[in-house]
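Peer 1: If you're matching positions, the sequence shown starts at 7 in my numbering and goes up one per residue.
Positions of the beta carbon are idealized from the N, C-alpha and C atoms, including for glycine.
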Amino acid sequence: MAGQVIRAALDKLAAAGGAPIWITELDVSEPDVGLRADDLEVVLREAYAHPAVEGVV
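1. Roughly how many angstroms separate the alpha carbons of PRO37 and GLY23, rounded to a whole number?
2. If you measure between the beta carbons of GLY9 and GLU52, is that distance less than 8 Å?
3. At the level of alpha carbons, what is the spacing between PRO26 and VAL49?
4. Taking all protein chains shown into account, decide if LEU41 is buried (16 or more other Cβ within 10 angstroms of its Cβ) or exposed.
5. Output the boundary residues of the alpha helix (DSSP H) element that contains GLY40.
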C-alpha cells in the first residue's frame with residue numbers, strides 16, 4: 007500500500023512537468039525502528055525505480 011502511495015505522488019509530480027524530481031530531504035515518522043526501516047526501504051525503492059526521479063541526495 008505505501009509503495010502505491012509513493013508511486014502515485016511521484017507520478018503526479020512527473021505529470022505536472024517542469025523541473026526534474028530530486029529526493030533531497032526525507033523523514034519517516036514511525037516510532038518503531040523496525041517499521042521505520044521498512045517504510046524507508048519502500049520509499050527509497052519507489053524513488054530509485056521511478057523514471058522521473060533524477061536522484062536521491
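Peer 2: On the basis of the coordinates in this document:
1. Start at 1 with the first residue of the sequence shown, and residue 37 comes out as number 31. Start at 1 with the first residue of the sequence shown, and residue 23 comes out as number 17. About 35 Å.
2. Numbered from 1 along the sequence shown, position 3 holds the residue referred to as residue 9. Numbered from 1 along the sequence shown, position 46 holds the residue referred to as residue 52. It is a contact, given that the beta carbons lie within the stated cut-off.
3. Translated into the one-based positions of the sequence shown, residue 26 becomes position 20. Translated into the one-based positions of the sequence shown, residue 49 becomes position 43. In this structure, the straight-line span from the alpha carbon of PRO26 to that of VAL49 is close to 18 Å.
4. The residue you call residue 41 lines up with position 35 of the sequence shown. Label assigned to LEU41: exposed.
5. Stepping through the sequence shown from its first residue, residue 40 is reached at position 34. For GLY40, the enclosing alpha helix (DSSP H) covers residues 39–55.
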